[in-house]
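As structure tokens, the structure follows; a few thoughts come after it.
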Amino acid sequence: MKRWLGKAEVVLGNHSDRLNAINIFPVADGDTGTNLYLTVRAAVAALGAPGPDTTETGNDVGAVLSRAGQAAMEQARGNSGTLFAVFLCAAAEPLAGKSRLSAPLLAAALHRAQIRAWSALSEPVAGTMLSVLEAAAHAAQAVDASQSGDDSNHALGLSLDAVVEAAYQAVVRTEDELAQLHEAHVVDAGGVGMLLVLDCLRAAVLGEELQDEMLDGLHGYKLQDPHIHEHMPADDGVEVMCTISLSPLNAAILRQRLDEMGDSVIMSQVGGTQGADDNDDESSVEISYRWRVHVHVPDPEPAVALIRSLGEPTDIAVSQLAIPRDNVQEAAAQDLATEEPAGSETTSISEASNASGQSRHEY
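In short: position in the sequence shown from 1, add 184, done, that's our numbering.
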């Protein structure tokens, strides 16, 4: 698991510029690659840092992945980063207490992850990373069924190969599943990011190289292709994200009200319950859950006020969705002039973040 996420951090860093370049859904804010990279980096940092439960996790695959997922959720960036964090947290659940990955466990993990990811969004849309994850889950289940639940390494290899192939085909289909992508003649950026993450898992488990040749035929993904934002209209509004503890009722209220205020609403649980104690009277203690909240709204103030009226949020961050076109053109020119080495541990994320033109501040 550590090798997988470490590889994903490097690969997403090296591919961040192209993912940003084709990012037009749900808004053309050119930051999918950056958001995915920063979210995966948070997961990797959590596994590398000492913690009270480090020795307890041992070889528990689920515990290790859960720890990474919780850190990713706390520091998730954007739609893509939030959904990736949901993916990690959900995939960890069927792996709890297991010391190795197997084809049956992979099928269970991907199935849980795709269900959780679809349900996290108020208005899930096909033709995105959701569809890629769903296709991967179905492929893993098909291989597991054909192998009659075989938990050998050979069956796992077959499953991982099928998962990556299904994810690739799902990415190709995104271009015709969303009108915006079809018009721009590109595939979905988040979908490509999920494909890269799954190929990193295959490569890490099987000890093989990434299948870079897969990316050659993806529309809009060649390095010489321009940043398509150059001809896109500016997107108004802001992205608001935070973490907050809410009762189930207040969480439902918040989701409904945010749906009325804006779009791209994502709410996913972070960790377990709070306020539950075996020694307490359940009638006097309201159980609450920690939630990671994400929404796009025209104005941040009403959304922040609503969130604060229901609880005490932490890490409230607001990012502009609009991007200066001049900066994007400059970034495209830089991309053509320099290319990161495929195996480099260093990436140009700081430049990518600056080029995106997004301002981000904490409340």
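Backbone N, C-alpha and C define an ideal beta-carbon position, used for all residues, glycine too.
{"Item": "In whole angstroms, give me the CA-to-CA distance for P308 and A351.", "Value": "18 Å"}
{"Item": "Measure the C-alpha to C-alpha separation of G190 and N243 and round it to an integer number of angstroms.", "Value": "17 Å"}
{"Item": "If I measure Cβ to Cβ from L196 and keep anything under 8 Å in the same chain, skipping five residues before and after, which residues do I get?", "Value": "L203, G217, L220, Y221, V224, G377, L380 and V381"}
{"Item": "Find the nearest neighbour of A321 within the set L289, G253 and H199, judged by alpha-carbon distance.", "Value": "L289"}
{"Item": "Sort A373, S493, A274 and G253 by Cα distance to F209 and report the nearest one.", "Value": "A373"}
{"Item": "How long is the line joining the alpha carbons of P278 and D483, rounded to whole angstroms?", "Value": "40 Å"}
{"Item": "In or out: P497 buried (at least 16 other Cβ within 10 Å) or exposed?", "Value": "buried"}
{"Item": "Counting Cβ pairs, one atom from each stretch, are 3 or more of them under 8 Å apart for the stretch 264–279 and the stretch 297–317?", "Value": "yes"}
{"Item": "Return the chain-ordered list of same chain residues with a C-beta closer than 6 Å to the C-beta of A226, the five sequence neighbours on each side being excluded.", "Value": "A255, A256 and Q259"}
{"Item": "Can you tell me which of the three DSSP states I428 falls into?", "Value": "strand"}
{"Item": "Just curious, the alpha helix (DSSP H) that A320 is in, first and last residue?", "Value": "M313 to S330"}
{"Item": "Compute the beta-carbon to beta-carbon distance between M451 and V477, rounded to the nearest angstrom, for a pair I have assumed lies under 8 Å.", "Value": "5 Å"}
{"Item": "Roughly how many whole angstroms lie between the Cα atoms of S429 and K406?", "Value": "43 Å"}
{"Item": "Bridge partners for I450 per DSSP, in chain order?", "Value": "L305 and H478"}
{"Item": "Could I get the ranges of all uninterrupted alpha helix (DSSP H) runs contained in the stretch 252–278, with 4 residues as the minimum, in chain order?", "Value": "262–276"}
{"Item": "In the DSSP assignment, what are the bridge partners of E423?", "Value": "H480 and S503"}
{"Item": "Q325 to A192, Cα distance in whole Å?", "Value": "23 Å"}
{"Item": "Just verifying my parser: in three-state terms, what is the DSSP assignment at Y473?", "Value": "strand"}
{"Item": "Just to confirm, is the Cβ distance from L340 to G421 under 8 Å?", "Value": "no"}
{"Item": "By how many angstroms is the C-alpha of V371 removed from the C-alpha of H403?", "Value": "6 Å"}
{"Item": "My output table needs one value for G455: the three-state DSSP class, helix, strand or coil.", "Value": "strand"}
{"Item": "Using 8 Å as the threshold, is the C-beta distance between G246 and A276 below it?", "Value": "yes"}
{"Item": "In the DSSP assignment, what residue or residues form a beta bridge with T498?", "Value": "T427"}
{"Item": "Kindly provide the ranges of any alpha helix (DSSP H) runs that are 4 or more residues long and lie completely inside the stretch 319–403, ordered along the chain.", "Value": "337–361, 363–368 and 373–390"}
{"Item": "Identify, in the order they occur along the chain, each residue of the same chain with its Cβ nearer than 7 Å to the Cβ of Q298, setting aside the five sequence neighbours on each side.", "Value": "L317, E318 and A321"}
{"Item": "Taking only three categories from DSSP, how would you classify K186?", "Value": "helix"}
{"Item": "Put P508 into one of helix, strand or coil per three-state DSSP.", "Value": "Its pLDDT being 47, under 50, P508 is placed unreliably by the model, and the measurement read from it follows with that caveat. In this structure, P508 counts as coil in the three-state DSSP scheme."}
{"Item": "Counting only beta-carbon atoms, is A301 nearer than 8 Å to chain B?", "Value": "Absent from the structure is chain B; it holds one protein chain and no more."}
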